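Engineer: For reference, the structure I am asking about is given below.
Chains as they are written, first to last, in my numbering: chain A, 1 to 313; chain B, 1001 to 1442.
Next up, the structure:
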């Protein structure tokens, strides 16, 4: 096997997904993120690496943490930030995604961060603009910066990803976080499991290199990392699960189920949490076990790294 | 480029033609070299090896077809014409130009125009317009249910009387079993044909691509393959009971082919067709969210694709239709979820069907039976064959000519093809409809 060499630049124009990124590309982004994490923790001064660069946050879907995280990341690097939030209703009023893309492109931004509720929409937009594009979530497809910040959080606690067992639990079917994480974790050598009721497991997910568990206790057995996913409450209406209490009974993370994981297993959650739906409220606040708030902090570092990596060229 | 130069829009020109030195390909006759064919007025006067240049009477324009082949004009049983209602995508005139440039002399349109063809007046109006402007023959199918809503059956017998060759709810299945049962029962009295778009509605309505690894990776909601099988199986119970004429459109799955094969062995008089995307492409074509590959039914797996070819080989699948579904740019230049379904197909039907010969799956006669005689028979039409006294619906084509599919050269108003840039063989050069040379690109 050819030895993979470390690289010192990010080799692509856009960051549209984790799928297809080489291990050195991912490692490069994580290394850069680690540097910025130090920078943030030391509460160092604002940088001016992206001075005079314009960054547009284009959100077609509501988001608080991802958007503020990108905004903060951009500001810490000295970029000019423009936030555009278009609820899905305003898209229906007329302008198509491609028109929006071309309009914004005419303003000559350096980078556009996009979230959209349709899979593939960010890719479509990236084909119509000249600047760099970061996917901040496209439907159930990918959310690459979330996977990177999860990886960074794990790396800081566990030093490596290779050889770890990671169990992703919850609504895998509708989750872009799950998909990006599966790609990233597999690429860097972790063993990935997914745990959910069968209605929330997408068909042929095994072919993406994961083991499927319907029983949460078995799925958590000897696992190093537990990634809980948010359960959208409208899934009840779609008959994916019958009720919150039934879901919590079998797939909510509590002490009892947690005991099956390794004693030092770490709990992650991309937020926002539904306390009492997918996670016991006491566990969510247990700072020894849960890295949920650390994830938010790493989110800023990762987004600084991604903005920087794409604008380096 | 003036694309109109290829078409003869003047209806008054009446000529007799002698097509000589050609190879006749006709499913009933086989392949015959060194033949000639005489067209007198509207009809085929004579054909065979005895017709040679020396023996042509006067008043005939002699066309030397050396190196070229002659076949019946193609019969395409699944075309969306978009007029009335969506003329920016296609019109009766543009669809007929597109068709005859692709060698099609007879096309059957779906009722999903605006308004829907669900009453005789619409059929009369389309037929009148077609007589005025169309270069090809155009027949209509009528809606099974009013406004394609799937609730109450439309005026089926009145439409049949006005010329509807069959009934279908176009791109929707008749989801309500009771309504389907009534429709199949009702058409018995006048031997009408019911055509089904086979998808179990509740399973397919939220999906947009084939369910499987690809849909999971791309984060697109899937339609399981068995949605097709379930709908066909449901209908077969009704067909057993009513014994009505029943046709399944664009079969796309292995399971679908298997069920139809068994039903035919059982002796049920059912027929089915498929379309080129289902034997040329598989779901891998969707990669990168190419909306031109968003079709209904969706592109399936490689296994399904091979089963479709097997179904064509053993006669389970009776016909190939273009499944022509014009969409304008705006309807496709959208995120995959929001984009419209469908692809144009009239101008690629011939070469893509011939690819089955080039890849040694089928003989050339067999392929032509799938695009001429068989579809004509399904629709009870006298088209699609070469017979003395019949309308002279003829195409002259080059079996081996290599070319590259380029949507900019299409005569259709819409350019949405998943085959852009594909290298193919076989090109239509001349089309006669009722003895009139309507398309010529020699």
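Even for Gly, the Cβ is constructed at its ideal location relative to N, Cα and C.
These numbers come from a predicted model, not from an experiment.
Would you report the Cα separation of residue 103 of chain A and residue 1335 of chain B, rounded to the nearest angstrom?
Structural biologist: Going from the Cα of residue 103 of chain A to the Cα of residue 1335 of chain B covers about 17 Å.
Engineer: For residue 296 of chain A, which option in A/41, A/31 and A/29 has the closest C-alpha, if you only look at C-alpha atoms?
Structural biologist: Closest by alpha carbon: A/41.
Engineer: Out of A/76, A/70 and A/95, state which residue places its alpha-carbon closest to the alpha-carbon of residue 83 of chain A.
Structural biologist: Nearest option by C-alpha distance: A/70.
Engineer: Round the Cβ separation of residue 201 of chain A and residue 173 of chain A to the nearest angstrom and send it over; I've been treating them as touching at under 8 Å.
Structural biologist: Confirmed, Cβ separation roughly 7 Å.
Engineer: Tell me whether the beta-carbon of residue 266 of chain A lies closer than 8 Å to the beta-carbon of residue 225 of chain A.
Structural biologist: Yes, these two residues count as a Cβ contact at 8 Å.
Engineer: Closer than 6 Å by C-beta to residue 1437 of chain B: which residues in its own chain qualify, once you throw out the five before and the five after it? Chain order, please.
Structural biologist: If we look at residue 1437 of chain B and ignore the five residues flanking it on each side, its Cβ neighbours are 1008.
Engineer: When Cβ atoms are compared, which residues of the region 196–208 of chain A fall closer than 7 Å to chain B?
Structural biologist: Going along the region 196–208 of chain A in chain order, one finds 202, 203, 204, 205, 207 and 208 with a Cβ nearer than 7 Å to chain B.
Engineer: Using three-state DSSP, classify residue 1249 of chain B as helix, strand or coil.
Structural biologist: It is coil, neither helix nor strand.
Engineer: Establish whether the CB of residue 89 of chain A and some CB of chain B are separated by less than 8 Å.
Structural biologist: Reliability fails at residue 89 of chain A, whose pLDDT of 49 lies under 50, so the model's placement of it is uncertain and the value that follows must be treated cautiously. False, the Cβ-Cβ gap to chain B never drops below 8 Å.
Engineer: Taking a Cβ distance cut-off of 9 Å, strictly less, list which residues of the region 1225–1252 of chain B are near chain A, in chain order.
Structural biologist: Here the close residues number zero.
Engineer: Applying a beta-carbon distance threshold of less than 9 Å, which residues of chain B neighbour residue 116 of chain A?
Structural biologist: Neighbours of residue 116 of chain A on chain B, chain order: 1335.
Engineer: If you drop the 5 nearest sequence neighbours on each side, which residues of the same chain put their C-beta closer than 6 Å to that of residue 1269 of chain B?
Structural biologist: Nothing meets the Cβ criterion.
Engineer: Closest by CA to residue 152 of chain A, which one among A/282, A/203, A/28 and A/16?
Structural biologist: Selected option, being the one with the closest Cα: A/28.
Engineer: What three-state label does DSSP hand residue 111 of chain A in the structure shown?
Structural biologist: Reduced to three states, the DSSP call for residue 111 of chain A is strand.
Engineer: If residue 1300 of chain B and residue 1210 of chain B are in contact, beta carbons under 8 Å, what's the gap, nearest whole angstrom?
Structural biologist: At roughly 5 Å, the Cβ-Cβ gap stays under 8 Å, so residue 1300 of chain B and residue 1210 of chain B are in contact.
Engineer: Under 8 Å between the Cβ atoms of residue 1108 of chain B and residue 1159 of chain B?
Structural biologist: No. Outside cutoff.
Engineer: Residue 113 of chain A versus chain B: which residues are under 8 Å apart at the beta carbon?
Structural biologist: Under the 8 Å cutoff, chain B gives no residues; its nearest Cβ is about 17 Å from residue 113 of chain A.
Engineer: I want to verify the contact list: residues of chain B whose CB lies under 7 Å from the CB of residue 98 of chain A, in sequence order.
Structural biologist: What residue 98 of chain A touches in chain B: 1333.
Engineer: Residue 1123 of chain B: beta carbon under 7 Å from a heavy atom of the ligand ZN?
Structural biologist: This structure lacks the ligand ZN, and indeed carries no ligand of any kind.
Engineer: Would you say residue 263 of chain A reaches chain B, if we count a Cβ-Cβ gap shorter than 8 Å as a contact?
Structural biologist: Taking Cβ atoms only, chain B never reaches closer than 8 Å to residue 263 of chain A, which makes this a no.
Engineer: Taking 8 Å as the cut-off, decide whether the C-beta atoms of residue 1195 of chain B and residue 1298 of chain B are in contact.
Structural biologist: Not closer than 8 Å, so no.
Engineer: Only counting the same chain, and skipping five residues up and downstream in sequence, which positions put a Cβ closer than 7 Å to that of residue 210 of chain A?
Structural biologist: Here the set comprises 182, 192, 193 and 194.
Engineer: Run through chain A and tell me which residues come within less than 7 Å of residue 1213 of chain B, C-beta to C-beta.
Structural biologist: In chain order: 204 and 207.
Engineer: Which same chain residues, not among the five before or five after residue 1021 of chain B, have their C-beta less than 6 Å away from its C-beta?
Structural biologist: Once the five neighbours on either side are set aside, the close Cβ partners of residue 1021 of chain B are 1064, 1065 and 1066.
Engineer: Return yes when the Cβ of residue 1187 of chain B is within less than 8 Å of the Cβ of residue 1244 of chain B, no when it is not.
Structural biologist: Their beta carbons are under 8 Å apart, which means residue 1244 of chain B touches residue 1187 of chain B by this criterion.
Engineer: Is residue 303 of chain A helix, strand or coil by DSSP?
Structural biologist: If DSSP states are grouped into helix, strand and coil, residue 303 of chain A belongs with the helices.
Engineer: Residue 177 of chain A to residue 1231 of chain B, Cα distance in whole Å?
Structural biologist: Their Cα atoms are separated by approximately 35 Å.
Engineer: Taking the alpha-carbon of residue 261 of chain A as reference, which of A/280, A/222, A/250 and A/242 has the nearest alpha-carbon?
Structural biologist: If we check each option's Cα against that of residue 261 of chain A, A/222 comes out closest.
Engineer: With residue 1069 of chain B as the anchor, note down where its beta strand (DSSP E) starts and where it stops.
Structural biologist: Start and end: 1069–1072.
Engineer: Hey, could you find the ends of the alpha helix (DSSP H) residue 1014 of chain B is sitting in?
Structural biologist: Run containing residue 1014 of chain B: none; DSSP gives neither H nor E here.
Engineer: Evaluate contact between the region 282–290 of chain A and the region 101–121 of chain A, counting only Cβ atoms and requiring at least three cross-stretch pairs below 8 Å.
Structural biologist: No contact exists between the region 282–290 of chain A and the region 101–121 of chain A.
Engineer: Rounding to the nearest angstrom, what Cα-Cα distance links residue 138 of chain A and residue 81 of chain A in this structure?
Structural biologist: When rounded, the distance between both Cα atoms is 21 Å.
Engineer: Residues of the region 1289–1306 of chain B with a CB closer than 8 Å to any CB of chain A: list them in chain order, please.
Structural biologist: Answer set for the region 1289–1306 of chain B: 1289.
Engineer: Looking at the unbroken alpha helix (DSSP H) that takes in residue 1126 of chain B, where does it start and where does it end?
Structural biologist: 1120–1133 is the extent of the alpha helix (DSSP H) around residue 1126 of chain B.
Engineer: Using a beta-carbon distance below 8 Å, is residue 270 of chain A in contact with chain B?
Structural biologist: By this cut-off, residue 270 of chain A is not an interface position.
Engineer: What residues are listed by DSSP as bridge partners for residue 1048 of chain B?
Structural biologist: Bridge partners of residue 1048 of chain B: B/1036.
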